[in-house]
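*Asks:* In terms of numbering that gives the first Met the number 0, the sequence shown has 160 at position 161, counting the first letter as 1, and numbering is strictly consecutive.
Quick one: structure below, then a few questions.
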Amino acid sequence: MRVRYVVTTADEGQRLHRLARRWLRDVPLSAVFRLLRQGRITVNGRRAPHNAVVRAGDVIEAELDATPSPSRPPVASPRVPRGRPDPPEAGSMAPLRQAGPPRRPDAPTIARPGRLGPGPAGDRTPAIVYEDPDILVVHKPAGLLTHGADHARRQEPTLVDWVREELARRGALPQGSLFQPSPAHRLDRNTSGLVAFGKTRRGAARLAAWLRSRQAVKEYVAVVSGRPPEGLVHHRLRRDRQRRLTLALEPSPRPGAAGTAPPQAAAPRAAAPRAGSADGGPGPGAWDAHRAGHGGRSAAGQWAGAPAGSGGAQGGRGARPDGDAGHDAGAQAAPLHDAGAQEAALRDAETREASLRVRVLDSRHGFSLCRIQLLTGRSHQIRAQLAATGHPLAGDAKYGGPRVEGLHRPALHGYRLVLPNGVDVVAPLPADLTRLCRRLGLSLRGIRTEG
Numbered sequence: 000m001r002v003r004y005v006v007t008t009a010d011e012g013q014r015l016h017r018l019a020r021r022w023l024r025d026v027p028l029s030a031v032f033r034l035l036r037q038g039r040i041t042v043n044g045r046r047a048p049h050n051a052v053v054r055a056g057d058v059i060e061a062e063l064d065a066t067p068s069p070s071r072p073p074v075a076s077p078r079v080p081r082g083r084p085d086p087p088e089a090g091s092m093a094p095l096r097q098a099g100p101p102r103r104p105d106a107p108t109i110a111r112p113g114r115l116g117p118g119p120a121g122d123r124t125p126a127i128v129y130e131d132p133d134i135l136v137v138h139k140p141a142g143l144l145t146h147g148a149d150h151a152r153r154q155e156p157t158l159v160d161w162v163r164e165e166l167a168r169r170g171a172l173p174q175g176s177l178f179q180p181s182p183a184h185r186l187d188r189n190t191s192g193l194v195a196f197g198k199t200r201r202g203a204a205r206l207a208a209w210l211r212s213r214q215a216v217k218e219y220v221a222v223v224s225g226r227p228p229e230g231l232v233h234h235r236l237r238r239d240r241q242r243r244l245t246l247a248l249e250p251s252p253r254p255g256a257a258g259t260a261p262p263q264a265a266a267p268r269a270a271a272p273r274a275g276s277a278d279g280g281p282g283p284g285a286w287d288a289h290r291a292g293h294g295g296r297s298a299a300g301q302w303a304g305a306p307a308g309s310g311g312a313q314g315g316r317g318a319r320p321d322g323d324a325g326h327d328a329g330a331q332a333a334p335l336h337d338a339g340a341q342e343a344a345l346r347d348a349e350t351r352e353a354s355l356r357v358r359v360l361d362s363r364h365g366f367s368l369c370r371i372q373l374l375t376g377r378s379h380q381i382r383a384q385l386a387a388t389g390h391p392l393a394g395d396a397k398y399g400g401p402r403v404e405g406l407h408r409p410a411l412h413g414y415r416l417v418l419p420n421g422v423d424v425v426a427p428l429p430a431d432l433t434r435l436c437r438r439l440g441l442s443l444r445g446i447r448t449e450g
């Protein structure tokens with residue numbers, strides 16, 4: 000039996016063996032590789048190496064020994080009408096009938112920013128704030144999982160579900176495509192803000208490359224206890240999967256520095272007054288000097304000059320999202336620095352470098368409003384690193400943050416995303432965090448808010 004698959008724009012850019020494994024998912028893996036070795040999987044009628052990169056419109060044909068199991072068809076797609084000489088629609092799988100020139104599917108239409116119809120988060124639904132043929136940026140409300148293994152058991156919707164259903168409803172994805180839109184990074188359940196999705200294989204690869212090289216700028220707005228130190232904050236983090244939290248270790252000098260000492264467990268420390276202003280805040284020009292020293296630029300609060308390295312967002316690419324049901328307000332803060340945590344972390348291969356930059360916008364009544372640039376993407380990174388400096392997020396009981404009346408989640412919001420292709424989007428500060436700042440007397444100058 001010969002079957003055919005026409006590569007869609009969403010599948011473009013992946014290797015032949017990867018596409019074949021997903022396309023022929025009812026064929027044993029060993030049999031798929033045997034077909035590739037024997038040249039029985041062809042691209043546009045010719046033998047191709049297993050690592051060949053496929054393009055939209057390529058016709059992939061496979062000569063199978065038997066019909067795939069009917070209980071799980073490889074790809075669900077409409078049947079080709081009888082007598083039609085053209086090949087199947089892109090993304091379909093059907094017995095070979097008559098060869099014809101492959102047709103390139105049209106690119107999805109760019110959507111205008113705006114709030115879309117009913118979603119899984121009750122009154123507050125996700126909103127698509129940017130879309131092009133390859134990339135999608137969504138404003139996620141607090142309380143909604145980005146993606147995770149627990150949601151199926153709980154029969155709970157996720158942001159990934161909403162995005163895929165919305166694009167399918169609009170017909171913005173090629174029918175029968177093997178690639179499904181996926182987030183390039185994640186936010187914790189109770190963190191609101193921007194999440195970028197790859198709509199196509201090409202878009203997912205571009206986002207991953209930008210995050211790794213730190214060309215993508217991710218900026219958060221947070222309300223924290225006390226006044227945190229400004230500038231670069233660096234730790235080594237270790238994920239405690241049993242307690243579902245992240246341990247921060249005081250780092251040695253930056254990697255590569257001479258005379259480095261072993262990491263020490265980070266102990267919470269009180270905010271120290273800073274010279275330069277009556278209330279202990281930084282004097283005029285202090286933040287500009289910090290930006291100049293770190294390669295930053297002052298225009299419109301933009302950030303730049305971050306060194307190359309791994310990237311991501313709060314929650315991180317591939318990191319497990321916070322699966323706790325609801326807010327941790329009733330939970331007792333877990334100890335972040337066990338007696339043996341330092342030694343265990345040094346032995347633990349999962350201990351990872353983590354860096355962020357902090358800018359304090361205003362401080363009042365024992366709280367500060369901050370803008371935070373995330374330089375690496377680790378699970379609970381912002382929450383753990385701020386707690387390790389002695390300045391946890393307001394409302395973040397899990398990491399020792401103070402309870403605040405009327406606040407039912409950690410005061411953290413993914414505010415801004417800048418991509419090197421010119422995309423620069425902002426998710427306005429949600430109403431609950433806006434109310435919190437106003438109650439505390441924190442100035443929201445320069446911060447866009449809802450309404």
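The beta-carbon is built from N, C-alpha and C at its ideal position, and this holds for glycine as well.
Closest to ARG36 by C-alpha separation, out of LEU373, GLY399, ALA51, PRO125, would be which residue?
*Replies:* ALA51
*Asks:* For the beta strand (DSSP E) containing HIS412, name the first residue and the last one.
*Replies:* 411-417
*Asks:* Taking the continuous alpha helix (DSSP H) assigned at SER29, which residues delimit it?
*Replies:* The continuous alpha helix (DSSP H) containing SER29 extends over residues 28-36.
*Asks:* Please classify GLU165: does DSSP put it in a helix, a strand, or coil?
*Replies:* Three-state result, GLU165: helix.
*Asks:* Using only CA atoms, which one of THR388, THR448, LEU432 lies nearest to HIS407?
*Replies:* Considering only alpha carbons, the answer is LEU432.
*Asks:* Identify, in the order they occur along the chain, each residue of the same chain with its Cβ nearer than 6 Å to the Cβ of ARG438, setting aside the five sequence neighbours on each side.
*Replies:* none
*Asks:* By the three-class DSSP mapping on this structure, what secondary structure does VAL5 have?
*Replies:* strand
*Asks:* In chain order, which beta strand (DSSP E) runs of at least 3 residues are fully inside the segment 154-225?
*Replies:* Qualifying beta strand (DSSP E) stretches, in chain order: 191-197, 216-224.
*Asks:* What residue does the beta strand (DSSP E) around ASP361 start on, and which one ends it?
*Replies:* 351-363
*Asks:* Report all residues from its chain with a CB closer than 7 Å to the CB of ARG39; omit the five preceding and five following residues, and keep chain order.
*Replies:* ALA61, GLU62
*Asks:* Helix, strand or coil for LEU435 per DSSP?
*Replies:* helix
*Asks:* Select from GLY445, TRP22, VAL194, LEU244 the residue whose C-alpha is nearest the C-alpha of ALA141.
*Replies:* VAL194
*Asks:* Just the C-alpha distance for THR124 and LYS198, rounded to the nearest angstrom, thanks.
*Replies:* If you take the alpha carbons of THR124 and LYS198, they lie about 20 Å apart.
*Asks:* Can you give the Cα-Cα distance for ALA47 and THR41, rounded to whole angstroms?
*Replies:* Those two C-alpha atoms are separated by around 6 Å.
*Asks:* Which term fits SER442, buried or exposed, when burial requires 16 or more other beta carbons within 10 angstroms of its beta carbon?
*Replies:* exposed
*Asks:* Check for me: the beta strand (DSSP E) holding ARG235 runs from which residue to which?
*Replies:* From DSSP, the beta strand (DSSP E) with ARG235 extends over 230-239.
*Asks:* If we ignore side chains and look at the alpha-carbon of each, how far apart do GLY202 and ILE134 end up?
*Replies:* 5 Å
*Asks:* Does the separation of the CB atoms of VAL159 and LEU392 fall below 7 Å?
*Replies:* Contact flag unset, no.
*Asks:* Can you check whether the CB of ARG188 is closer than 7 Å to the CB of LEU144?
*Replies:* The answer is yes: Cβ separation under 7 Å.
*Asks:* Comparing C-alpha positions only, which one of LEU435, PRO182, ALA426, GLY440 sits nearest to ARG447?
*Replies:* Considering only alpha carbons, the answer is ALA426.
*Asks:* Taking only the alpha-carbon atoms, compute the straight-line gap between SER212 and GLU352 and give it to the nearest angstrom.
*Replies:* 15 Å
*Asks:* Alpha carbons only, please: which of ARG54, ARG243, GLY365 is nearest the one belonging to ARG382?
*Replies:* Distance check between ARG382 and each of ARG54, ARG243, GLY365 places ARG243 closest, using alpha-carbon atoms only.
*Asks:* Report all residues from its chain with a CB closer than 7 Å to the CB of ALA110; omit the five preceding and five following residues, and keep chain order.
*Replies:* At ALA110 the pLDDT is 33, less than 50, meaning the model places this residue with poor confidence; the figure from the coordinates comes in the next sentence. Same-chain partners within the cutoff: ILE127, GLU130.
*Asks:* Who are the near neighbours of SER367 in its chain, counting only those whose CB is closer than 6 Å to its CB and skipping five residues on each side?
*Replies:* Cβ within range, chain order: VAL223, ARG226, VAL359.
*Asks:* Quick check: ARG356 and LEU248, are their CB atoms within less than 7 Å of each other?
*Replies:* no
*Asks:* Out of LEU34, ALA386, LEU373, VAL424, which has the shortest C-alpha to C-alpha gap to VAL137?
*Replies:* VAL424
*Asks:* So, under 8 Å CB-CB, ARG237 and ASP10 are touching, yes? Tell me the CB distance rounded to an integer number of Å.
*Replies:* With a Cβ gap of about 37 Å, ARG237 and ASP10 do not count as contacting.
*Asks:* Select from ALA167, TRP161, ARG168 the residue whose C-alpha is nearest the C-alpha of PRO182.
*Replies:* Among ALA167, TRP161, ARG168, the Cα nearest to that of PRO182 belongs to TRP161.
*Asks:* Can you give me the Cβ contacts of GLN13 inside the same chain, cut-off strictly under 8 Å, excluding the 5 residues immediately before and after it?
*Replies:* VAL52, VAL53, PHE178, ARG200
*Asks:* Beta carbon of SER354, beta carbon of HIS233: below 7 Å?
*Replies:* SER354 places its beta carbon less than 7 Å from that of HIS233.
*Asks:* Work out the CA separation of MET0 and GLY421 for me, nearest whole Å.
*Replies:* 48 Å
*Asks:* Take THR388 as the anchor and find which of GLN241, LEU23, LYS139, GLU229 has the nearest alpha-carbon.
*Replies:* GLU229
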